[in-house]
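2 protein chains.
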Amino acid sequence: MVNKKKTTLKDIANILEISTAAVSKALQDDSRISAKTKEAVKKVAKELNYQPNHLASALRKGKSNLVGVIVPRTNSNFFSSVVQSMEEVLNKDGYNIIITQSNESYKKECDSIDALLFTQVDGIIASMANETIELDYYQKIKSRGIPLILFDRGENDLNVDYIGIDDYASSHMIVEHLVEQGCERIAHIGGYQRTRIFNNRIRGYKDAIKEHGLPSDDELLLESSLTQEDGRLKMEQLLSLNKRPDAVYIAGDYAALGALQVLKENDIDIPKEIALVGFGNEPFTAMVSPPISSVEQHSTQIGKLAAQTFLEHMKGPEVKQTLNKKILDAELIVRDSSNKKAFLN
Amino acid sequence: MVNKKKTTLKDIANILEISTAAVSKALQDDSRISAKTKEAVKKVAKELNYQPNHLASALRKGKSNLVGVIVPRTNSNFFSSVVQSMEEVLNKDGYNIIITQSNESYKKECDSIDALLFTQVDGIIASMANETIELDYYQKIKSRGIPLILFDRGENDLNVDYIGIDDYASSHMIVEHLVEQGCERIAHIGGYQRTRIFNNRIRGYKDAIKEHGLPSDDELLLESSLTQEDGRLKMEQLLSLNKRPDAVYIAGDYAALGALQVLKENDIDIPKEIALVGFGNEPFTAMVSPPISSVEQHSTQIGKLAAQTFLEHMKGPEVKQTLNKKILDAELIVRDSSNKKAFLN
DNA sequence: TATATTTGTTTAATCGATTAAGCAAATATA
DNA sequence: TATATTTGCTTAATCGATTAAACAAATATA
Numbered sequence: 001m002v003n004k005k006k007t008t009l010k011d012i013a014n015i016l017e018i019s020t021a022a023v024s025k026a027l028q029d030d031s032r033i034s035a036k037t038k039e040a041v042k043k044v045a046k047e048l049n050y051q052p053n054h055l056a057s058a059l060r061k062g063k064s065n066l067v068g069v070i071v072p073r074t075n076s077n078f079f080s081s082v083v084q085s086m087e088e089v090l091n092k093d094g095y096n097i098i099i100t101q102s103n104e105s106y107k108k109e110c111d112s113i114d115a116l117l118f119t120q121v122d123g124i125i126a127s128m129a130n131e132t133i134e135l136d137y138y139q140k141i142k143s144r145g146i147p148l149i150l151f152d153r154g155e156n157d158l159n160v161d162y163i164g165i166d167d168y169a170s171s172h173m174i175v176e177h178l179v180e181q182g183c184e185r186i187a188h189i190g191g192y193q194r195t196r197i198f199n200n201r202i203r204g205y206k207d208a209i210k211e212h213g214l215p216s217d218d219e220l221l222l223e224s225s226l227t228q229e230d231g232r233l234k235m236e237q238l239l240s241l242n243k244r245p246d247a248v249y250i251a252g253d254y255a256a257l258g259a260l261q262v263l264k265e266n267d268i269d270i271p272k273e274i275a276l277v278g279f280g281n282e283p284f285t286a287m288v289s290p291p292i293s294s295v296e297q298h299s300t301q302i303g304k305l306a307a308q309t310f311l312e313h314m315k316g317p318e319v320k321q322t323l324n325k326k327i328l329d330a331e332l333i334v335r336d337s338s339n340k341k342a343f344l345n
Numbered sequence: 001m002v003n004k005k006k007t008t009l010k011d012i013a014n015i016l017e018i019s020t021a022a023v024s025k026a027l028q029d030d031s032r033i034s035a036k037t038k039e040a041v042k043k044v045a046k047e048l049n050y051q052p053n054h055l056a057s058a059l060r061k062g063k064s065n066l067v068g069v070i071v072p073r074t075n076s077n078f079f080s081s082v083v084q085s086m087e088e089v090l091n092k093d094g095y096n097i098i099i100t101q102s103n104e105s106y107k108k109e110c111d112s113i114d115a116l117l118f119t120q121v122d123g124i125i126a127s128m129a130n131e132t133i134e135l136d137y138y139q140k141i142k143s144r145g146i147p148l149i150l151f152d153r154g155e156n157d158l159n160v161d162y163i164g165i166d167d168y169a170s171s172h173m174i175v176e177h178l179v180e181q182g183c184e185r186i187a188h189i190g191g192y193q194r195t196r197i198f199n200n201r202i203r204g205y206k207d208a209i210k211e212h213g214l215p216s217d218d219e220l221l222l223e224s225s226l227t228q229e230d231g232r233l234k235m236e237q238l239l240s241l242n243k244r245p246d247a248v249y250i251a252g253d254y255a256a257l258g259a260l261q262v263l264k265e266n267d268i269d270i271p272k273e274i275a276l277v278g279f280g281n282e283p284f285t286a287m288v289s290p291p292i293s294s295v296e297q298h299s300t301q302i303g304k305l306a307a308q309t310f311l312e313h314m315k316g317p318e319v320k321q322t323l324n325k326k327i328l329d330a331e332l333i334v335r336d337s338s339n340k341k342a343f344l345n
C-alpha cells in the first residue's frame, strides 16, 4: 500500500550499506562519487519514492528557496498577471513563491511581512498597500539582509530596487489625448497623494493641464481610494459642480467603472458630454459599454523584471541594496469612452 | 545599526548562562521554568530581536504550519475571495498559506503539487483545473498522508473532503427562473462535461428542461472552456441557428460577458429577445449593461469551511480521509439581463 | 621503489529548535 | 528526621540533509 513514513537519505544509505553522505553526494552528482554508486543510489531513491526534506536542507543551507510576494489584492488582472509571470521566471530557477494579500491594509501588510520572514523566505517582492505610510516593517525586511524588490507601488525612501511604469508620463499622455479630443475642462479623480505612483499621476496631470493653459480648479482634482464605490461618489461630486468637467481621468479602472455607472444613470453622453479615461487596462474596461480608455501597465514585463532582479541579488553575493529603478513605458489604449473624434457627426 | 546575524536560542542562552533548553521552554511558558527565568529570557529575546527559525522548529516538530492552496486562477473574484477567507481562518490558528495558480493547466497543477509537497506543507486545499482528468498527482498528496480538501472543482473518486455549492440545484433553479419569465427555448453554454461541477450543471439544466416539457435540441447545449472569447464564439453559434433560443444560460460569468457583447453587437434586445443568465456573480455582472443575472456561490463561506475542515484534520489525530461533502445553497441574483417581467410594456 | 596525487568513501559536525530523560535542590509528607 | 514529591534546570538526542575534514585505496609521478 502506501508508505506512510517518508523515506530519508538514511533509508537509502542503510539499504546500500553506505553512508548518508555518499547518498547525498550521489544525488547531487558530486564528481567524487563513482558512477556505479550514483546509479545504485538513484535506483533505490526512485524505488522508495524518495523526496528530499526541504526543511532539513533549507535549514542546513540557510536558504529556503521561497520568495514572498505581497500584493494589495490578487483579484485584479494587473496583480494576478504580475504574479503569474514572476512565478514563471522564479520556478525556472528552483524558487517557489508565497503570495499574500494585504487588502490595502497596513496592519495586514505588517502581518504578511512577519509571516514571510518567519517562513524564512529568501527575499520579498512587494507592492505596497494604499494605507501604508510607515516604512518600519519594510525596514525590518532590509535589516534581515534579504533582498526586497518593490513594484508598482514603491517608495523612494526605502532605497531598494523598484520596477514600474512611468506614471508621470502616462498621466501627461492621458491629458494630451483628452486635449486632442477637444476637451477643455479636465477633471482628475486620483489616488492618495501620499502614495508615490498616484502622486506622480497627479503631478503629470497638473503639469499637462498647465502646459495647455487649461483651468486647474481645485474642485476638478479629487483624492480617492479608487474603489468602484468611491468612483461613484467622486463622480457624483463632479456632476454636482456648477461648471461640470467635459472629461474625467480616473487613476484606477475600478473607480472608473463606478464613475461610468453614475454617468450612465444620469444619461450623460459619453464621450460627447463627458469623456472618460481609466488606468490599468483591466479586462472589463474593454467589455463595458461604452468601453473605457485605459492605460496598459505591462504587467507581464513588470513581473518578469521583478523576478529577474531578485535572482540577480541571489547570484551576486554583494548585496548592493540601492535604489535601482526600472521604469517601463506605459501605453494608452483609446476606446470609445474618450474617442470623441470617432463620434463626430 | 543592523545586526546581520540573526539571533538564536543559543545567543540568549549564552548571555544568561543557562541552557538553550531552558530558553526554549521559557519562551513557550513551560510550567517547569521559574517566573524569574522566563522574564529574563523574554527580556533578552526582545532586546536581541529574537525571531525563531521556523525551518528548525518545523523540521524538529515535523510540521511546517504551511497550507498549500491551488486555484485555477486568482484573478477571479470567486477564487480570490475564497482564498482570502481561508487565510483569515488559518492565520488565526498559526498557519500560513502558499497560493499557487494552475491556470487551468494539468501540467501546471502537477508542478504546483510537487512544489507544495516539497515545501512540506501540512495540507493542501485545492480547486481542480479544467484540464485535469488524471488523479495520480492528487493520489500522491493522499499517499503522503496529509489532508487534502477540495472545493468548487472536486472529484468524487478521490474520496476526500469537498466543499461546494449544489450545482445541480442551482442550475435547475436558473431554468425555473427563465421559464417563469416566459422563456420557452432555453440554451445552455456549459463547461466541460468531464468536470464534475459543470456536469452537474448540465444535468440540472437537462432535467429542468425535461420537467417543463421544453425542447432539448442538441444544438441548444454547447460545451465550452467558458473563457470570454469562447463565450463569444458559442453565442455566435447559437445566433446562427435556424431556430434561435429565447434564453441562454451560461455556466460562467466571463463567457456570459463575451456572449453579452455578441448579443449587443447584433442589436438583440436583452432580455426581450434573448434572456441571459451567468454563473459566479463576478462583480462585473452587476456593472455591465444590461446587468447580468448570475449565481452567488458564497465564496467567503466556502473558504471558511474549507479552512475549518483542514483544521479539524489537524486536531483530530485519526486521519479519516473519506468523502465528506459540505454542500451550500447558492443564490440566484436576478438582474436586468433575464428580468423580462420588469420590462413588460 | 618511494612518494605524490587522485578517487571514493566515511566520520563527524552543523544548521536551530525541541523534548525526553536525568538530576540536584527545595519543599512537602509521614 | 527520613522519605517522597515538586521545582527548576541541564544533558543529550533528535529532526534530515549537507559538507568540511579525514582517510584508505588506487593510480600516477619521480
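Each protein sequence line maps, in turn, to chains L and D. Counting from 1, one number per residue, gives the positions in the first sequence under this note's numbering. Counting from 1, one number per residue, gives the positions in the second sequence under this note's numbering. Cβ coordinates follow ideal geometry from the N, Cα and C atoms, glycine included. Quantities reported herein were computed from a predicted structural model and do not represent experimental measurements.
Per DSSP, Ala342(L) lies in no beta strand (DSSP E) and is assigned neither H nor E. DSSP, reduced to helix, strand and coil, places His177(L) within a helical segment of the structure shown. Leu116(D) and Gln228(D) have their C-alpha atoms roughly 30 Å apart.
The beta carbon of Gln181(D) is closer than 8 Å to those of Ala247, Pro271, Ala275, Ser338, Asn339, Lys340 and Lys341 in its chain, skipping five residues each way along the sequence. If you check each beta-carbon in the region 73-90 of chain D against every beta-carbon of chain L, the ones closer than 8 Å belong to Arg73, Thr74, Asn75, Ser76, Asn77, Phe79, Ser80, Ser81, Val83, Gln84 and Glu87. With respect to chain D, the C-beta atom of Asn96(L) has a partner C-beta closer than 8 Å. Here DSSP, grouped into helix, strand and coil, assigns Lys326(D) to strand. The CB of Ser64(L) comes closer than 7 Å to the CB of Leu55 in chain D, given here in chain order.
Just measuring C-alpha positions, the residue of Lys61(D), Val83(D), Gly62(D) and Arg60(D) sitting nearest Val71(D) is Val83(D). Gln308(D) has a beta carbon lying at 8 Å or more from every beta carbon in chain L. The contact set of Leu257(L) on chain D, defined by CB atoms closer than 7 Å, consists of Met287 in chain order. At a cut-off of 8 Å between beta-carbon atoms, Ala115(L) makes contact with chain D.
For Asn96(D), the enclosing beta strand (DSSP E) starts and ends at Asn96 to Gln101.
The beta carbon of Asn266(D) sits closer than 8 Å to the beta carbons of Leu239 from its chain, once the five residues preceding and following it are set aside; these are given in chain order. Contact of Leu59(L) with chain D by beta-carbon distance below 9 Å involves Asn53, Leu55, Ala56, Ala58 and Leu59. Per DSSP, reduced to three states, the secondary structure at Val334(D) is coil, with no helix or strand assignment.
With fewer than 16 neighbouring CB atoms inside 10 Å of its own CB, His212(L) falls in the exposed class. In terms of Cβ geometry, Leu221(L) and Gly258(L) do not form a close pair [threshold 8 Å]. Where Val248(L) is concerned, the enclosing beta strand (DSSP E) starts and stops at Ala247 to Ile250.
Glu155(L) is classed as buried because its beta carbon has at least 16 other beta carbons within 10 Å across all chains shown.
For His298(L), the three-state secondary structure derived from DSSP is coil. The Cβ-Cβ distance between Val89(D) and Gln297(D) does not fall below 8 Å. Within the same chain, Val69, Ile97, Ile125, Gly303, Ala306 and Ala307 come within 7 Å of Met86(L) by CB-CB distance, once the 5 residues on both sides are set aside.
A Cβ-Cβ contact shorter than 8 Å links Arg153(L) with Thr195(L).
Here DSSP, grouped into helix, strand and coil, assigns Ser293(D) to strand. Contacts between Thr119(L) and chain D, judged by CB atoms closer than 8 Å, involve His54, Leu66 and Asn96 in chain order. For Ile15(L), same chain residues with a beta-carbon under 6 Å away, outside a window of 5 residues either side, are Val44 in chain order.
Within the region 31-86 of chain L, the alpha helix (DSSP H) runs of at least 4 residues that lie entirely inside it are, in chain order, 35-47 and 54-61. Here Ile327(D) is actually not in contact with Ile149(D); their C-beta atoms are around 14 Å apart, not less than 8 Å. Within the region 263-283 of chain L, the residues whose Cβ lies closer than 8 Å to any Cβ of chain D are, in chain order, Lys264 and Pro283.
Taken atom to atom, the span from the alpha-carbon of Ile209(L) to that of Asn77(D) is near 37 Å. With distances taken between CA atoms, Tyr192(D) lies nearest to Glu131(D) out of Cys183(D), Lys206(D), Glu131(D) and Ala169(D). Nearest Cα to Asn242(D) within the set Ile202(D), Asp217(D) and Leu260(D): Asp217(D).
Annotation for Val121(L): Ser64, Leu66, Val67, Gly68, Ile98 and Ile146 place their beta carbon closer than 8 Å to its own, counting only its chain and skipping 5 residues before and after. Nearest to Pro290(L) by C-alpha distance, out of Val41(L), Ala256(L) and Thr322(L), is Ala256(L).
Per the coordinates, the alpha-carbon of Leu48(D) lies some 15 Å from the alpha-carbon of Ser24(D).
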